[in-house]
Amino acid sequence: MPESQSPLNPQPYGGVVADASWRDEVRRLADEQDAVILAHNYQLPEIQDVADHTGDSLALSRIAADCTASTIVFCGVHFMAETAKILAPGKTVLIPDARAGCSLADSITAAELREWKSEHPGAYVVSYINTTAEVKGETDICCTSSNAVAVVASLPEDRDVLFCPDQFLGSYVKRETGRSNIHIWAGECHVHAGINGAELTERAAAEPDADLFIHPECGCATSALYLAGEGALPKDRVKILSTGSMVEEARATSATSVLVATEIGMLHQLRKAAPGITFEAVNEGASCRYMKMITPAALLRALREGRDEVDVPTDIADRAKNAVERMIAIGRPGGGE
Ligand code: 13P
Ligand code: SF4
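Written out as structure tokens, the structure reads:
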């Protein structure tokens, strides 16, 4: 973990130091306001540690749907907070900084999706959870990285599938399901697209005994599977995983070192889950600037001032909810939360 992100060496973010008094104040305000704090695995370590729950997009969606708190403070990016609002319309949903967007969600609009659908009448639309509520409203079923293969496999084989917006996750799903009738939108996440096959191969060659934990949004995911098939990478060590599944695999693996191809915030949960294993980022520059907008100062402000509140128009939320609930019903095959 970079020293600047260590909870043992708190640094000021936006003029606020995430020390013990900050943590106490956050917890006091959360109790006072009947708020549950959810944090994605890419959040700053301090935010992950003060949250009630830390997890991947699927786990956090399920917690948002089931929790009894009257307010959800979503420490993640905007589409995640929107998804919580869609699932829990009666609750107040706050995101500590509404500017925390997602380059992948921005890579398709509802108008573009409508046009694409008109070119493929009768096709099922599968949208990754990293999409706006409006795009979800045009979708038959959503998926996350932990259940994308199972979601597509659940659809009748004779119907075309439009998969959006992530091209790397789409290629992975196409390969895993063996379906030829999947059309893939050419979107990408700027952080994961930058983790490429050459970089991964070089790091893996230098550490032949290390496990490779690879998020399927990475530019290197498909080439890693190809290289494993060709024998250039150790097949049993290449693991394509959602962020939540990475934590489970960290507890299960016999490896003593792991190269991690995803956003660097992930290293914190992995190191907590398996302190005896050395986890290193394949690309240490893979930091999502949107995730890092949720600073300790922003979280404090959210709880003190009740902002930024996330709202989704009822007509869009109603349509989007069906697609998200279908995704939740499939869950993560073979996995926990
Ligand atoms: P997970 O669904 O694996 O948490 O990933 C979400 C995300 O935004 C990846 O960039
Ligand atoms: Fe979006 Fe990429 Fe950031 Fe994930 S890492 S929230 S996909 S921009």
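One gets the numbering used here by counting positions in the sequence shown from 1 and adding 204 to each. For glycine and all other residues, C-beta sits at the position ideal for the given N, C-alpha and C.
Check whether I267 and V297 have beta carbons under 9 Å apart: no
For G535, the three-state DSSP class (helix, strand or coil): coil
Alpha-carbon to alpha-carbon, A432 and L543: Residue 543 lies beyond the stretch modelled for the chain, which goes from 205 to 541, so this question has no answer here.
V281 beta carbon near ligand 1 (any heavy atom closer than 8 Å): yes
L262 and M450 closer than 9 Å at C-beta: no
Burial state of A222 (16 or more Cβ within 10 Å): buried
Cβ-based burial, G192 [other Cβ within 10 Å; buried from 16]: This structure gives no information on residue 192, because the portion of the chain shown stretches from 205 to 541.
Beta strand (DSSP E) segment containing Y328, residue limits: 328 to 332
Exposure label - Y430; buried when at least 16 CB within 10 Å: exposed
Pairwise C-alpha distance: R511 and C424: 38 Å
Per-residue burial, D519 [other beta carbons within 10 Å of its own, 16 or more giving buried]: exposed
Classification of K439 by the beta-carbon crowding that lies within 10 angstroms, buried from 16 upward: exposed
Closer than 8 Å: T336 CB and nearest ligand 1 heavy atom: no
E376 beta carbon near ligand 1 (any heavy atom closer than 8 Å): Residue identity differs from the one stated: residue 376 is Tyr in this sequence, not Glu. Flag unset: Cβ of Y376 not near ligand 1.
Sequence-distant residues of the same chain with beta carbon closer than 6 Å to H387, five excluded per side: L366
Buried or exposed by the 16-neighbour rule on C-beta atoms within 10 Å, applied to S384: exposed
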